[in-house]
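Please read the structure below before turning to the comments.
Quick look at the structure:
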């Protein structure tokens, strides 16, 4: 009989709400690796929403029975609804109050078996490397192998199954400090080679800052970028998002191309040649994942680019008119000064020279 692998010593945070169907599959994946420390953070129902309250209670009862392997379990169960942004970010902060590093999964992010040793290995390898702030199990390169390692570095901290350290999460203010000036800062311009992508993220962050979208990952992304943080990404996809559909908070389209994507395996954890982001991979992620051709995101972006260009053209025309007015005024003043000086000279020299 082949002996079972040892239990996973890396702590795991499980973020849940009301979804039992997807949660069962995620817990099955956890049971296969038997983490010795499990943290569960759950948002609560909105006031008066009895249907959601019943689902939340069912999820919590299931977890009390389903985590049946030897492990320490800590829970943070909210009585009232905080919303996606506050509940998730608060749960992660609570997790890192107790642990210096760990894996974070949501109730609809299904990890492949290799996801766990991948995270464990890289958490140890880059534990003291402050250039690295995140380890993600997501790959959006459509089969393209990036670099010579089994993983590469990116600016994108994808969060459908990921891991990090307390030292990194503590840099996240859950806000956007300095956002108004950020697009002109060196740190911003150094990671946004494409002006269209720069505008895309500027608009996205402002939307979140205004509270028009309830999220936490935009704030985390901003923190990583502002501090020059890199994310390790595998050269094969190691996590499937199984939560697309009507019960989701944001990913409502069950037919979306990123729903239940195929996962693969990693034979080793060969490091890339350098701890530096892969610019080509990042550009591909933007043009094929965040803002693919023909998408609503692309349409909105082009409309924004056109508006921005018109605004810049209007500002330029205004400056030209101001310069023309200013130059005309200067020319008039010079002409007046020359004429006056000439009159003064004639008065001064009057009677000394013959009239011409």
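Residue numbers (the UniProt record's numbering): 1 to 356.
Note that the Cβ used here is the ideal one computed from N, Cα and C, for glycine as well.
Rounded to whole angstroms, what's the CA-CA distance from residue 135 to residue 11? Just pull it up for me. 14 angstroms
For residue 150, does the count of other Cβ atoms within 10 angstroms reach 16, so buried, or fall short, so exposed? buried
Rank 25, 131, 225 by C-alpha distance to the C-alpha of residue 66 and give the top, closest one. 25
Own chain, CB closer than 6 angstroms to residue 126, minus 5 neighbours either side, in chain order: 132
Residue burial classification, residue 250 (beta-carbon count within 10 angstroms, cutoff 16): Legend: pLDDT at residue 250 = 46, less than 50; position of this residue unreliable, no value from coordinates given.
Which first and last residues belong to the alpha helix (DSSP H) in which residue 169 is found? 166-169
Measure the alpha-carbon distance for residue 282 versus residue 183 and round it to whole angstroms. 18 angstroms
Going by DSSP in three states, residue 325 sits in which element: helix, strand or coil? helix
For residue 190, three-class secondary structure by DSSP: coil
Taking C-beta to C-beta, are residue 41 and residue 82 nearer than 8 angstroms? no
Would you mind listing the alpha helix (DSSP H) stretches within the stretch 91-153 that are 4+ residues and don't spill past its ends, in chain order? 115-125
Alpha-carbon spacing of residue 137 relative to residue 162, whole angstroms: 6 angstroms
Cβ neighbours of residue 164 in the same chain (closer than 6 angstroms, five flanking residues each side left out): 134
What does a CB cutoff of less than 7 angstroms around residue 60 pick up in its chain, not counting 5 residues either side in sequence? 42, 77
Provide the residue span of the beta strand (DSSP E) that contains residue 230, from first to last. 230-234
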